[in-house]
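Everything on this sheet refers to the single structure shown next.
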Amino acid sequence: MKKSDDLKVFLSNRNSTCDECGEELGRKAWITLEEGKGALCLSCADLNHLIFLPSGDTALTRRTRKYSTLIAVVLKWSRARKRYERQGLLVEEQALEQAEQECLADSEVRTRRRERAAERRAGLDEQYVRSFAERVRGLFPCCPPNRENKIAEYACLKYSGRIGRSESAKQLDEKAIQLAVIAHIRHTETKYGEL
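Its first residue numbered 3, the sequence shown is counted upward by one per residue in the numbering used here.
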């Protein structure tokens, strides 16, 4: 079953009633919406035999998807983001058990792979920061000693959203480097932060 074909179950944020059996479901009820039938509880939608698998473990989710013949995506409305966000899946119990056994069998291998990938990413990141610093020094040869490294470390900080993480900066574009230098000067040589 493709992701687009998955059934959808919604966590309601207001009091709900099943349109088929009439049961009062209350707030935060698990409901499905069916054309011509309205909101249905999991029993009336024939999904009450499924169990919840929360989001977060990619390997477990992928393997459970492979073994479960019936899958429902659980969605919850986010007021802050104004969209439905995935909370996890409803899956068949035997599929989850089989996936858990597989994950336990190769957990050590996956852990080592993740560690190697993290080391590789860290190495690439260090290399990128060095290249960025060299480009700063090349464009600004009169820059005080070692300042290019401080500029590069600040501009390229992971998950910061700063100019050094942009695609143009990763190409060591002259304009992106200039913006990083300007930002560094603004924040270290002026009272910009206080203003």
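Ideal placement from N, C-alpha and C gives every residue a C-beta, glycine not left out.
Give the single residue among GLY28, GLU22, SER45, LEU27 whose Cα lies nearest to the Cα of GLU37.
Here the closest residue by C-alpha is GLU22.
Any heavy atom of the ligand PLP closer than 7 Å to the Cβ of ALA82?
In terms of ligand content, the structure shown is empty, and the ligand PLP therefore cannot be addressed.
To the nearest angstrom, how far is the alpha carbon of ARG65 from that of ALA101?
So the two alpha carbons sit approximately 5 Å from each other.
Spell out a yes or no on whether the stretch 92-100 and the stretch 68-77 are touching, meaning 3 or more CB-CB pairs, one atom from each, closer than 8 Å.
Yes, since at least three Cβ pairs between the stretch 92-100 and the stretch 68-77 fall closer than 8 Å, the two stretches touch.
Among ALA182, GLN173, LEU9, which has the Cα closest to the Cα of ASN151?
Taking only the C-alpha atoms, the option nearest ASN151 is ALA182.
Which residue from GLU87, GLU94, SER80, ALA61 puts its Cα closest to that of ILE73?
Minimum Cα distance to ILE73 is reached at GLU94.
7 Å CB neighbourhood of ALA61 in its chain, flanking five on each side removed
Here the set comprises CYS105, ARG112.
Check this for me: beta carbons of TRP32 and LEU13, under 8 Å apart or not?
A contact, by the Cβ cut-off of 8 Å.
Here's a check: name, in chain order, each residue in its chain whose Cβ is nearer than 6 Å to the Cβ of CYS46, leaving out the five neighbours to either side.
Spatial neighbours of CYS46 in its own chain (CB-CB distance under 6 Å, excluding positions within 5 residues in sequence) are listed in chain order as CYS20, GLU22, CYS23.
Same chain, Cβ closer than 8 Å to GLN89, five either side skipped, listed in chain order:
Answer for GLN89: LEU13, PRO56, SER57, VAL76, LEU77, LYS78, listed in chain order.
Where in the stretch 69-121 do unbroken runs of the beta strand (DSSP E), each at least 3 residues long, occur, reported from the N-terminal end onward?
If you keep only unbroken beta strand (DSSP E) runs of at least 3 residues inside the stretch 69-121, you get 74-80, 85-93.
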